[in-house]
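Report on the following structure.
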Amino acid sequence: MWNDTEAARLLGITYPIVQGPFGGGLSSVELTAAVSNLGGLGSFGAHIFSPVQIRDIVAHIRERTASPFAINLWVDNEDPAMAGFDQASFECHVGRLHAHYAALGLDPPAFPDRFGQNFDEQIEALIEVAPPVISFVFGIPSPRIIEACRSRGIRMIGNATTVEEARAIEAAGIDLVLASGAEAGGHRVSFLEPPERSLVGTFALIPQVRDAVRIPVVAAGGIADGRGVATAMALGADGVQVGTAFLACSESGASSLHRAALLSDRARHTTLTRAFSGRLARAIRNRYSEDMAAYGDDLAPYPAQNWLTNSLRAAAIERGRDDLLPIYAGQSAALLRHATAGALFDALIRETGQAFRTRAVR
Ligand SMILES: Cc1cc2nc3c(=O)[nH]c(=O)nc-3n(C[C@H](O)[C@H](O)[C@H](O)COP(=O)(O)O)c2cc1C
């Protein structure tokens, strides 16, 4: 059977279909547990949460599923330029967003004590509660962390956007590699070269990564139906990670504004921009991304830029202004047809089986 792969065996799941984690508060316990209960691997993106919140999230997922699930963290949680980012830099970047704060009736934010979370504190708490799987992006954790995961029986997935990153993930002793093509929604999670130089598409990346490593390869980016799953597997993947299509489901943490945009014709037009968070990410093109293009890459580093746009996000949702909201989406958004995780998952299984039977792709 097509679903009986090494990735499925290692992860302890029936179908090698991973629901991609969503950062920025867009993951939900409900979606994660739903996908795990359906026989896939539900994931929860936890990079904005404190150690205490992460423990709670894991406990809540465990209340809803006895099946394996993954928690995702960003290994590199702060750009190097944050070292010189002071109050004066902050005021300069606030100034650039003035018109947008004003459009939403907001006061500009004040300089905070802390812009984001600390990865070392997050991972310590996470290892303590030992979820079945941890997936990492923006780097590879230290040998000490990898050993601690291994000794607790936690499976690890590392995210690669290039062959070199896939090799480094395997060499570090991580169990599975996610080959993430440039079509994918959300951030471009490169860590060896700048993301702009790591934009290989999924179709080209999967077979190259397959040939370069021996560990199981899970493919991500542009996969939203059974044709995509079957093709990724024909190219050498042992499984797939689907993001945007699950984000559009009612169980996700996305706002109804975000979900409606994903299911609209506008979803055909995505762009890569740093304007929302300070890091390069794929989102539906809108007034905010176009306005901010005037600054090029002259934006605050991550997580400061993300912090500066936090209040814009909340207010944009409240006021129904999707022209000012980060509508993260992959290039597959125009293929979306399903509104619930159950309907999407069933279709993925049915269509993949059909693709293998009728075209003998594998
Ligand atoms: C809104 C959004 C947020 C995301 N946040 C994360 C994240 O925090 N960590 C991560 O590993 N992947 C993240 N991703 C990537 C997805 O987990 C997944 O790999 C990707 O969406 C797959 O490509 P697709 O969008 O074409 O399906 C995000 C994707 C989206 C759309």
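Using our numbering, the first residue of the sequence shown is number 12, and each one after it goes up by one. All residues carry an ideal CB built from backbone N, CA and C; glycine is no exception.
Is the Cβ-Cβ distance between residue i and residue j less than 8 Å?
i           : j           : result
residue 264 : residue 106 : no
residue 235 : residue 256 : yes
residue 141 : residue 65  : no
residue 217 : residue 183 : no
residue 92  : residue 314 : no
residue 29  : residue 51  : yes
residue 252 : residue 189 : yes
residue 202 : residue 176 : yes
residue 327 : residue 115 : yes
residue 75  : residue 40  : yes
residue 273 : residue 344 : yes
residue 95  : residue 233 : no
residue 164 : residue 185 : no
residue 104 : residue 319 : yes
residue 171 : residue 146 : no
residue 187 : residue 229 : yes
residue 138 : residue 86  : no
residue 285 : residue 302 : no
What are the boundary residues of the alpha helix (DSSP H) that includes residue i?
i           : result
residue 69  : 62 to 75
residue 323 : 315 to 329
residue 106 : 98 to 107
residue 224 : Run containing residue 224: none; DSSP gives neither H nor E here.
residue 239 : 237 to 245
residue 157 : 154 to 162
residue 177 : 174 to 182
residue 294 : From DSSP, residue 294 is part of no alpha helix (DSSP H) but of the beta strand (DSSP E) over 292 to 295.
residue 138 : 130 to 140
residue 37  : Segment: none, residue 37 is in no alpha helix (DSSP H) and carries neither H nor E.
residue 269 : 267 to 273
residue 19  : 17 to 22
residue 300 : 298 to 303
Around the C-beta of residue i, are 16 or more other C-beta atoms found within 10 angstroms, so that it is buried, or is it exposed?
i           : result
residue 269 : buried
residue 369 : exposed
residue 293 : buried
residue 339 : buried
residue 110 : exposed
residue 181 : buried
residue 160 : buried
residue 162 : exposed
Rounding to the nearest angstrom, what Cα-Cα distance links residue i and residue j in this structure?
i           : j           : result
residue 200 : residue 31  : 13 Å
residue 291 : residue 300 : 12 Å
residue 144 : residue 89  : 24 Å
residue 316 : residue 325 : 15 Å
residue 155 : residue 97  : 33 Å
residue 254 : residue 280 : 17 Å
residue 27  : residue 108 : 43 Å
residue 221 : residue 15  : 17 Å
residue 352 : residue 67  : 23 Å
residue 22  : residue 204 : 29 Å
residue 131 : residue 366 : 43 Å
residue 206 : residue 360 : 32 Å
residue 246 : residue 282 : 26 Å
residue 79  : residue 53  : 8 Å
residue 250 : residue 69  : 24 Å
residue 58  : residue 34  : 6 Å
residue 118 : residue 112 : 7 Å
Is residue i near ligand 1, judged by its Cβ being under 7 Å from some heavy atom?
i           : result
residue 119 : no
residue 227 : no
residue 195 : yes
residue 375 : The chain is shown only over 12 to 373; residue 375 falls outside these bounds and no answer can be derived.
residue 133 : no
residue 234 : yes
residue 216 : no
residue 27  : no
residue 240 : no
residue 154 : no
residue 58  : yes
residue 346 : no
residue 254 : yes
residue 1   : With the chain represented from 12 up to 373, any question about residue 1 goes unanswered, as that position is not in the structure.
residue 209 : no
residue 40  : no
residue 343 : yes
residue 198 : yes
Quick check on the DSSP output: the beta strand (DSSP E) that includes residue i runs from which residue to which?
i           : result
residue 80  : 80 to 85
residue 55  : 53 to 56
residue 169 : 166 to 171
residue 189 : 187 to 191
residue 146 : 144 to 148
residue 281 : 281 to 284
residue 29  : 28 to 30
residue 342 : Careful: residue 342 lies outside any beta strand (DSSP E) and carries neither H nor E.
residue 250 : 250 to 253
Can a CB atom of chain C be found closer than 8 Å to the CB of residue i?
i           : result
residue 307 : Annotation note: the requested chain C is absent from the structure, which comprises a single protein chain.
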